[in-house]
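Everything on this sheet refers to the single structure shown next.
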Amino acid sequence: MGLNKGWLTTPTSKKDCVFSNKKMMFRPLLLLTITLLCATSASAQSAPVEDVSKSMLNWTQHLNTNLDKYFTREKGDELIRNLEAFKGALTLYMKTRKNLSDSIFRKNIAPGNKDPKNLELLKTQMGEIIRQMRNVTDLTNNELRAEGDRLNDQIYNVLNGEGTQFLSYLEAFLAGLEVTKKDMALDNGMPYDRLQQSINFLASTQEKIRSKMK
714 MGLNKGWLTT PTSKKDCVFS NKKMMFRPLL LLTITLLCAT SASAQSAPVE
764 DVSKSMLNWT QHLNTNLDKY FTREKGDELI RNLEAFKGAL TLYMKTRKNL
814 SDSIFRKNIA PGNKDPKNLE LLKTQMGEII RQMRNVTDLT NNELRAEGDR
864 LNDQIYNVLN GEGTQFLSYL EAFLAGLEVT KKDMALDNGM PYDRLQQSIN
914 FLASTQEKIR SKMK
């Protein structure tokens with residue numbers, strides 16, 4: 714009974730042996746290259762940032778435009794006080810964030826250098842913001858309270874997470890992540906402007922309440 718030579722095909726020359734060996738070497742090299750490319754791509758991705766400045770702006774605007782839906786003379790003074798505390802906390806955070814970002818650009822600090830002290834400072838100040846937010850939401854109506862609570866929870870979850878998300882590229886930079894100058898510049902632009910507008914809306918709401926209290 715003859716053997717099926719198709720199952721026993723072997724290189725018939727030295728040239729065939731060399732070609733076969735090259736194919737065997739190429740495969741692990743290809744796998745290594747793909748692995749390195751994937752790792753490089755992953756490290757080049759933007760840091761996981763949860764920008765809440767737009768939601769903050771929307772909510773403070775709604776507090777201002779819908780004042781008549783929750784204002785009463787009985788809680789007018791308390792509203793003014795709580796809005797002042799909220800405005801102060803937000804202003805302090807905004808100034809701290811701006812100063813730290815400007816300092817990084819001015820000193821041309823390279824990414825990858827951790828700054829846990831200033832990172833914790835930002836988190837502590839944001840923690841005070843959400844505390845003051847609650848004091849304001851308690852004096853509003855159901856709709857504004859629900860919107861404020863959603864924003865509050867969003868911030869709280871980032872602050873108390875496992876360090877996998879940040880509220881700004883500045884925080885990610887201070888945590889030692891690779892953050893591009895472009896991301897840092899964007900971080901110091903529109904989000905900062907939204908926070909300033911939020912503060913303006915809070916001040917405007919206070920003035921409206923004072924006017925109603927006369």
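Numbering follows the numbering used here, in which position 40 of the sequence shown is assigned residue number 753; successive positions increment by one, without gaps. From the three backbone atoms N, C-alpha and C, an ideal C-beta is built for every residue, glycine too.
If the five residues before and after Thr853 are omitted, its C-beta is found closer than 6 Å to the C-beta atoms of Tyr783, all from its own chain and listed in chain order. In summary, Met807 is buried, with 16 or more beta-carbon neighbours lying within 10 Å of its beta-carbon over all protein chains present. In the structure shown, the three-state DSSP call for Phe879 is strand. Only buried fits Ala802, as 16 or more other CB atoms lie within 10 angstroms of its CB. Taking a 10 Å sphere around the C-beta of Thr773, we find 16 or more other C-beta atoms and assign the residue as buried.
In the three-state reduction of the DSSP assignment, Val871 falls in the helix class, which pools H, G and I. Straight-line measurement puts the Cα of Gln878 at about 24 Å from the Cα of Phe799. Scanning Asn812, Arg819 and Asn821 for the CA closest to the CA of Leu832 turns up Asn812.
If you keep only unbroken beta strand (DSSP E) runs of at least 3 residues inside the segment 792-873, you get nothing at all. In this structure Tyr869 touches Ile843 by the C-beta definition: roughly 6 Å separates them, less than 8 Å. The beta-carbon distance between Pro824 and Leu890, rounded to whole angstroms, is 7 Å. This is short enough to meet the 8 Å contact definition. Using a Cβ distance threshold of 8 Å, Arg863 and Ser766 do not count as a contacting pair. DSSP lists Phe879 as the bridge partner or partners of Val762.
As the crow flies, the alpha-carbon of Arg858 is around 23 Å from that of Ser924.
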